[in-house]
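Student: Handing you a structure now.
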Amino acid sequence: MNTALQNLKAELEQFGEANDSQETGHGRRMLNITRDTGEFLAVMVLATAARRILEIGTSNGYSTLWLAQAAQTTGGLVTTLEYAEDKVAMASANFARAGLAAHINQVHDDAGRYLAEAHPASCDLVFLDSDRQQYAAWWPVLARVLRPGGVLIVDNFISHKAEMADFYALIKIDTAFETSIVPVGKGELIAVKHPD
Numbered sequence: 000m001n002t003a004l005q006n007l008k009a010e011l012e013q014f015g016e017a018n019d020s021q022e023t024g025h026g027r028r029m030l031n032i033t034r035d036t037g038e039f040l041a042v043m044v045l046a047t048a049a050r051r052i053l054e055i056g057t058s059n060g061y062s063t064l065w066l067a068q069a070a071q072t073t074g075g076l077v078t079t080l081e082y083a084e085d086k087v088a089m090a091s092a093n094f095a096r097a098g099l100a101a102h103i104n105q106v107h108d109d110a111g112r113y114l115a116e117a118h119p120a121s122c123d124l125v126f127l128d129s130d131r132q133q134y135a136a137w138w139p140v141l142a143r144v145l146r147p148g149g150v151l152i153v154d155n156f157i158s159h160k161a162e163m164a165d166f167y168a169l170i171k172i173d174t175a176f177e178t179s180i181v182p183v184g185k186g187e188l189i190a191v192k193h194p195d
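Once you know that position 117 of the sequence shown is 116 in numbering that gives the first Met the number 0, the rest is easy, because the numbers rise by one and skip nothing.
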């Protein structure tokens, strides 16, 4: 067990909770995943032997650390997207401290633009924790970038289900995918793309 990494995760948990209890502006909050969600993400990376991992919504990098720690075992790389410049800088500093830089590709870009340019079947696992109002519009490209057998994990599905109703409806009518809702953290929607 990497004690320094565990300590960093604990520090980021405390910072996120303290920051979010004081900040009223949505863009200034960290909105980090819960620890059990982090554990779940790491297990999913290991269980699927995911090597090409895409995270949409870095924030300060807390969730990225869980993904990258597992990617270290699978020999994988986490490409993590964030649009907010201040959060990109925060995450970059946290990644340097974590010693996981070899397993993280940090991208400062608009997720919609990045997805539109991404290669088909280029991701083994996608973790979606971003602007929920965009999810339905992103669905065609999310489905395209996942390889057959690939997994999409969507955070906050139980806590913000109404906001994702249109997105969920698109997934449910797509015969290429099977879905399940896992009551971990704020609720994770899992969508698996059928193997060819």
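Where a beta carbon is used, it is the ideal one built from N, C-alpha and C, also for glycine.
Alpha helix (DSSP H) containing N93: first to last residue?
Tutor: On the sequence shown, residue 93 is found 94 positions in, with the first residue counted as 1. Where N93 is concerned, the enclosing alpha helix (DSSP H) stretches over E84 to A97.
Student: I'd like to check one pair, A70 with I52: are the Cβ atoms closer than 8 Å?
Tutor: Within the sequence shown, the letter at position 53 stands for residue 52. Within the sequence shown, the letter at position 71 stands for residue 70. Yes. Within cutoff.
Student: Only counting the same chain, and skipping five residues up and downstream in sequence, which positions put a Cβ closer than 6 Å to that of A190?
Tutor: As a first step, residue 190 must be located in the sequence shown, where it is residue number 191. If we look at A190 and ignore the five residues flanking it on each side, its Cβ neighbours are L151, I170, F176 and T178.
Student: With the cut-off set at 8 Å, would you say G56 and E81 are in Cβ contact?
Tutor: One-based indexing of the sequence shown puts residue 56 at position 57. One-based indexing of the sequence shown puts residue 81 at position 82. A contact, by the Cβ cut-off of 8 Å.
Student: Compare the Cα-Cα distances from K8 to each of E38, G24 and V140 and report the closest residue.
Tutor: By 1-based counting over the sequence shown, the position of residue 8 is 9. Of E38, G24 and V140, the residue nearest in Cα terms is E38.
Student: By DSSP, does E22 sit in helix, in strand, or in coil?
Tutor: As a first step, residue 22 is located in the sequence shown; it is residue number 23 there, counting from the start. Reduced to three states, the DSSP call for E22 is coil.
Student: Can you tell me whether Q68 is buried or exposed? The criterion is at least 16 other CB atoms within 10 Å of its CB, across all chains shown.
Tutor: Sequence index remark: in the sequence shown, residue 68 carries index 69 (1-based). Per the 10 Å Cβ criterion, buried.
Student: Please name the residue, chosen from D128, P139, A136 and T174, that lies closest to F156 on a Cα-to-Cα basis.
Tutor: Numbered from 1 along the sequence shown, position 157 holds the residue referred to as residue 156. That would be D128, whose Cα lies nearest to the Cα of F156.
Student: When DSSP labels each residue in this structure, what does G75 get in the three-state scheme?
Tutor: Here residue 75 refers to the residue found at position 76 when the sequence shown is read from its first residue. DSSP places G75 in coil when its eight states are reduced to three.
Student: According to DSSP, simplified to helix, strand and coil, what is P139?
Tutor: Translated into positions along the sequence shown, residue 139 becomes position 140. The answer is helix: DSSP assigns P139 an H, G or I state.
Student: Give me the residue from D165, V153, F166 and S121 with the minimum Cα distance to V144.
Tutor: Position 145 of the sequence shown, counted from the start, is the residue given in the question as residue 144. When only C-alpha atoms are compared, the closest one is S121.
Student: Could you tell me the alpha carbon to alpha carbon distance between N104 and A136, rounded to whole angstroms?
Tutor: In the sequence shown, the residue the question calls residue 104 occupies position 105. In the sequence shown, the residue the question calls residue 136 occupies position 137. When rounded, the separation of the alpha-carbon atoms in N104 and A136 is 24 Å.
Student: Does DSSP put D165 in a helix, in a strand, or in coil?
Tutor: Here the question's residue 165 lines up with position 166 in the sequence shown. DSSP places D165 in helix when its eight states are reduced to three.
Student: Check each candidate in A92, F126 and L141 and name the one with the smallest Cα separation from M43.
Tutor: In the sequence shown, counting from the first residue as 1, residue 43 sits at position 44. Checked all of A92, F126 and L141; the closest Cα to M43 is F126.
Student: In three-state terms, what does DSSP make of L30?
Tutor: Counting from one through the sequence shown, the residue named residue 30 turns up at place 31. Here L30 sits in coil by DSSP.
Student: Just verifying my parser: in three-state terms, what is the DSSP assignment at S179?
Tutor: Counted from its first residue, the sequence shown places residue 179 at position 180. S179 falls in the strand class under three-state DSSP.
Student: Which whole-angstrom value describes the C-beta separation of T79 and E116, a residue pair presumed to lie in contact below a C-beta threshold of 8 Å?
Tutor: Position 80 of the sequence shown, counting from 1, holds the residue named residue 79. Position 117 of the sequence shown, counting from 1, holds the residue named residue 116. Incorrect: roughly 16 Å between the Cβ atoms, too far for contact.
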